[in-house]
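In the UniProt record's numbering, the protein residues as written are 1 to 310.
This report concerns only the one structure given below.
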Amino acid sequence: MKDLTEFQLPREGEVTLCEVDGQVHSLQYSCYRSYDVDAITNTVKKHPKVHITRDILQHMTTGDDVRTFFVETEVPFLKKLIQTYFECGVLETLHVASTGNKFVISDLARVVLKLLDATEYVKNKWKMSFVELEPHTPIVSPLRNVPFSNIKCISWHPHCLKIAVACSDDTVRIYYDNGSVGPILKYKQQRNISCIEWRPLSFSEIAVGCDAGVYVWNVDPFVAITRPTISNATLLHHENHVPIVSLAWSPRGDLLATCSNLDSTVLVWNVEMNENSSLKRPGSTGNHIMKWCKSGAKLLITACGPKFRY
1 MKDLTEFQLP
11 REGEVTLCEV
21 DGQVHSLQYS
31 CYRSYDVDAI
41 TNTVKKHPKV
51 HITRDILQHM
61 TTGDDVRTFF
71 VETEVPFLKK
81 LIQTYFECGV
91 LETLHVASTG
101 NKFVISDLAR
111 VVLKLLDATE
121 YVKNKWKMSF
131 VELEPHTPIV
141 SPLRNVPFSN
151 IKCISWHPHC
161 LKIAVACSDD
171 TVRIYYDNGS
181 VGPILKYKQQ
191 RNISCIEWRP
201 LSFSEIAVGC
211 DAGVYVWNVD
221 PFVAITRPTI
231 SNATLLHHEN
241 HVPIVSLAWS
251 PRGDLLATCS
261 NLDSTVLVWN
271 VEMNENSSLK
281 RPGSTGNHIM
291 KWCKSGAKLL
301 ITACGPKFRY
């Protein structure tokens, strides 16, 4: 393998295609997209073939979109609240109750919602020492340059020819060496995926970082399930430690480090126990990139400011 300083520059109008046995191969830019690398080497012949277009991506359909296909019927108020609770949770149930005309229940729901809004307002005022956070995420995100790409990020399995591809519709697709497409990992809360990484010394576990936290999926390749349910995943979530912008497995796969650009704390997780310990430095800002050293004794952390921690 050549060092970057030893690479030969391609001639004008050419683009570098690959390097095989120390020799750099280049060809005309106009025809490189249709060129078959197998004509030069067969080392990648068994690699997964990934071709993702916008036509095969199915963007998430919300519950409201599904309900528009059905004719509305008159549902008793109490039954409507129960259905909303099981489908959407407590907060949406309060919103539904506040719009009703039931004197006691509706008034109580409005009071609770006002208290929650006031609490959220105070919390946001004090969060992150009055730093304006909204424009911060796209600036430090590893995906800031690919807002219109079909592919967000990829992760090669460290021990076999298998690749995970995170797509723009917030699905994670698994591709195997025989060219077949494996399971598609998708969940309604798994939104704005920013990073994925296979677990070392494990054949089937992969961590997915998103707005809700980290979903650790167990993908069994010997089970013919194309859409695993959420029962195959574990959610690692900590208050104020979202969104996740970077994660890193330790070399032995026993620890998972996560960081958020809105939280100065780096969390190190014991996935099996769903427990974490924190690494924090006073006065630091959020973090956005992490890497373990090969021995697993140290962790490199890059902050959103002009600092590195090791």
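Glycine residues also receive a C-beta, built at the ideal position from the N, C-alpha and C atoms.
Measuring CA to CA, which of Ser231, Val214, Asp211, Gly89 is closest to Asp220? Ser231
Pop quiz: Ile184 and Ile196 are said to be a contact at Cβ under 8 Å. What is the actual Cβ separation, rounded to whole angstroms? Between Ile196 and Ile184 the Cβ distance is about 13 Å, and since that is not below 8 Å, they are no contact.
Check each candidate in Lys114, Asn218, Glu12 and name the one with the smallest Cα separation from Gln28. Glu12
Could you check what DSSP says for Asn218 in three-state terms: helix, strand or coil? strand
For the alpha helix (DSSP H) that Leu255 lies in, which residues bound it at each end? Per DSSP, Leu255 belongs to no alpha helix (DSSP H) and is neither H nor E.
Could you give the residue range of the alpha helix (DSSP H) that holds Cys88? 77-88
What did DSSP end up calling Ser295 once you bin it into helix, strand or coil? coil
Relative to the C-alpha of Thr265, which residue among Lys280, Asp254, Met290 is closest? Lys280
Beta-carbon proximity list for Asp177, same chain, < 8 Å, skipping 5 on both sides: Lys46, His47, Pro48, Cys160, Leu161, Lys162
As assigned by DSSP and simplified to three states, the class of Ser278: strand
Take the Cβ of Met290 as the centre, count every other Cβ of all protein chains shown within 10 Å, and call the residue buried at 16 or more, exposed below. Counting Cβ neighbours within 10 Å, Met290 comes out buried, since at least 16 surround it.
How should His51 be labelled, buried or exposed, when 16 other C-beta atoms within 10 angstroms of its C-beta is the threshold for buried? exposed
Kindly indicate which residue of Arg191, Thr119, Ile56, Ala109 has the alpha-carbon position closest to the one of Ser98. Ala109
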